[in-house]
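Since the structure comes first, as structure tokens, the remarks are kept for the end.
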Amino acid sequence: MSMSVNTSSSDAPMCDVNTTPLIDVMLVMLVMLIITLPISTHAVKLDMPRPTDQPPPTVQPRVIDIEVDYDGAIIWNGEPVNNISTLDGYFKQEADLEPQAEIHLRPDRRSKYDVVANVLASAQRHKMVKIGFVNISQFRE
Numbered sequence: 422m423s424m425s426v427n428t429s430s431s432d433a434p435m436c437d438v439n440t441t442p443l444i445d446v447m448l449v450m451l452v453m454l455i456i457t458l459p460i461s462t463h464a465v466k467l468d469m470p471r472p473t474d475q476p477p478p479t480v481q482p483r484v485i486d487i488e489v490d491y492d493g494a495i496i497w498n499g500e501p502v503n504n505i506s507t508l509d510g511y512f513k514q515e516a517d518l519e520p521q522a523e524i525h526l527r528p529d530r531r532s533k534y535d536v537v538a539n540v541l542a543s544a545q546r547h548k549m550v551k552i553g554f555v556n557i558s559q560f561r562e
């Protein structure tokens, strides 16, 4: 840092603004803003089951296998589903049965997130509660 010394012989007063205090105030306000900002978290609300002391059921539940292929095709227990409205019909039938079947969702590694999210949203709209992902070891690297 260098210092400028006025070598002119004029006796005029120096008219420069001292910006050091302004910069200090600005930095303090910036630090206060950073500290007071809430931390952004991307949270997904999950309703986890409550722990119980009851033994597991002896009867195996019905299982519905839903596969999502890399090209967006949805397969319900081995049969292709044409569109989401057909899938909604299947979910509507299954939601009325007691006890509800377990849904095992098996998306392909290359499948689009949008298709999988639409399947999950459809299941949620029809109050399906037993949903799980199967064969997720393919997603580990």
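Take 422 as the starting number for the sequence shown in the working numbering and just add one per residue.
C-beta: ideal position from N, C-alpha, C; glycine also.
According to the DSSP assignment, G510 belongs to the alpha helix (DSSP H) that extends over I505 to D517. Rounded to whole angstroms, the separation of the alpha carbons of V536 and Y491 is 10 Å.
Apart from the 5 residues on each side of it in sequence, K548 sits with its Cβ closer than 6 Å to the Cβ of A516 in its chain, given in chain order.
In the three-state scheme derived from DSSP, where H, G and I count as helix and E and B as strand, V536 is classed as helix. H525 is positioned such that its CB atom lies closer than 8 Å to that of I485.
Using a Cβ distance threshold of 8 Å, I487 and R527 count as a contacting pair. Within the region 449-505, the runs of beta strand (DSSP E) that reach at least 3 residues and sit entirely inside it are, in chain order, 484-489, 495-497 and 500-502. About 14 Å separates the beta carbon of I496 from that of S543, a gap too long to meet the 8 Å contact definition. Take the alpha-carbon of Q545 and the one of A494: they are about 20 Å apart. Bridge pairing for P528: V489 [DSSP]. Across the set V489, T457 and I455, the C-alpha of V489 shows the shortest separation from the C-alpha of R531. Here D509 has S543, R546 and H547 as same chain residues with Cβ atoms under 8 Å from its own Cβ, once five neighbours each way along the sequence are excluded. For P482 against E519, the beta-carbon gap comes to about 12 Å, at or over 8 Å, which does not count as contact. The C-beta distance from V550 to Q521 rounds to 6 Å, short enough to meet the 8 Å contact threshold. Membership of I557 in any beta strand (DSSP E) is not indicated, and neither H nor E is assigned to it by DSSP.
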